[in-house]
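Trainee: In our numbering, the protein residues as written are 77 to 289.
Attaching a single structure in structure tokens format; questions to follow.
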């Protein structure tokens with residue numbers, strides 16, 4: 077006996093329309109999801125772009141700062157070179173006498189206005205009062221630098237055998253020492269002078285060298 081046939085379910089138009097609407101809603105949801113994903117991708121790209129721009133700006137700022145420091149360093153070096161060149165030019169233009177002035181003779185201000193310039197230091201025995209000394213000398217007038225006498229002489233120091241300026245100026249000299257003695261007239265020949273070569277009230281200058289004592 078044959079099986080009975082099952083009747084196909086009857087679907088109304090309303091049900092068909094509802095099914096189609098559900099399918100349309102599903103399609104719309106899928107489209108919205110795709111759009112959301114696309115928006116997220118766009119946001120990620122924008123964020124990455126901004127980060128790249130920020131990194132580039134930071135790199136450019138750092139490079140600019142390094143260039144400025146290098147420029148400042150070069151300017152400082154150039155200024156130092158220019159200053160050194162100016163100093164060198166100034167030194168070259170300055171007279172040699174100002175660069176290194178040789179030390180003049182040592183000045184000794186002695187009693188009775190006598191001045192003794194130590195032209196050359198001695199290394200031998202020192203002349204003391206009462207010693208028999210031997211000196212080489214040359215005498216001039218201070219006023220006109222005219223030489224009036226020269227030679228050698230021996231005398232007892234401090235005994236008044238010579239003018240007072242000599243006793244004062246030769247004391248303390250060492251053998252080999254040279255002095256220039258500037259002697260005022262009061263410690264020389266005074267008001268009377270020593271005519272005809274030495275007028276009265278004449279200041280005298282003697283170059284003396286101690287030979288023995």
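By construction, the Cβ of each residue, glycine as well, lies at the ideal position given by its N, Cα and C atoms.
Please read all numbers here as calculations on a predicted model, not as lab measurements.
#1: Just mark residue 316 as buried or exposed, buried being the case when its beta carbon has 16 or more other beta carbons within 10 Å.
#2: Span of the alpha helix (DSSP H) holding residue 279?
#3: Under the assumption that residue 205 contacts residue 233 (Cβ atoms under 8 Å), give the Cβ distance between them as a whole number of angstroms.
#4: Tell me the DSSP secondary structure of residue 173 in three-state form.
#5: Contact defined as beta carbons within less than 8 Å: I believe residue 294 pairs with residue 229. What is the distance between those atoms, to the nearest angstrom?
#6: Is residue 120 buried or exposed, if buried means 16 or more other CB atoms sit within 10 Å of its CB?
#7: Take residue 223 and list the residues in its own chain whose beta-carbon comes closer than 6 Å to its own, dropping the five residues that flank it on each side.
#8: Alpha carbon to alpha carbon, how far is residue 114 from residue 129?
#9: Starting from the N-terminal side, write out each stretch of the beta strand (DSSP E) that is 3 residues or longer and does not extend beyond the region 104 to 187.
#10: Quickly, what does DSSP pair residue 256 with across the bridge? List them, please.
#11: How about residue 219 and residue 278: are their beta carbons less than 8 Å apart?
#12: What's the C-alpha gap between residue 106 and residue 146?
#13: Tell me which same chain residues have a C-beta within less than 6 Å of the C-beta of residue 259, skipping the five on either side of it?
#14: Measuring straight from C-alpha to C-alpha, what distance separates residue 270 and residue 276?
#15: Would you report the Cα separation of residue 247 and residue 272, rounded to the nearest angstrom?
#16: Expressed to the nearest angstrom, what Euclidean distance is found between the alpha-carbon atoms of residue 149 and residue 169?
#17: Where do the N-terminal and C-terminal ends of the alpha helix (DSSP H) with residue 226 fall, by residue?
#18: So, with DSSP's three-state summary, where would you put residue 218?
#19: Residue 187: buried (16+ other C-beta within 10 angstroms of its C-beta) or exposed?
#20: Could you give the residue range of the alpha helix (DSSP H) that holds residue 240?
#21: Is it right to say residue 236 is buried, meaning 16 or more other beta carbons lie within 10 angstroms of its own, or is it exposed?
Mentor: Reading off the structure:
#1: The chain is shown from 77 up to 289; residue 316 falls before or after that span and cannot be answered.
#2: Here residue 279 belongs to no alpha helix (DSSP H), and DSSP marks it neither H nor E.
#3: 6 Å
#4: Reliability of the predicted coordinates at residue 173 is poor, the pLDDT of 49 falling under 50, and the value obtained from them is presented with this limitation in mind. Reduced to three states, the DSSP call for residue 173 is helix.
#5: The displayed coordinates of the chain run from 77 to 289. Any statement about residue 294 would go beyond what the structure contains.
#6: exposed
#7: 216
#8: Between residue 114 and residue 129, the C-alpha separation is close to 22 Å.
#9: 182 to 185
#10: Residue 256 is bridged to 193 and 283.
#11: yes
#12: The straight-line gap separating the alpha-carbon atoms of residue 106 and residue 146 is approximately 60 Å.
#13: 190, 241 and 280
#14: 7 Å
#15: 29 Å
#16: Going by the C-alpha atoms only, they are around 30 Å apart.
#17: Segment 223 to 232 is the beta strand (DSSP E) holding residue 226; no alpha helix (DSSP H) there.
#18: In the structure shown, residue 218 sits in coil (DSSP, three-state: anything other than H, G, I, E or B).
#19: exposed
#20: Its alpha helix (DSSP H) spans residues 240 to 246.
#21: exposed
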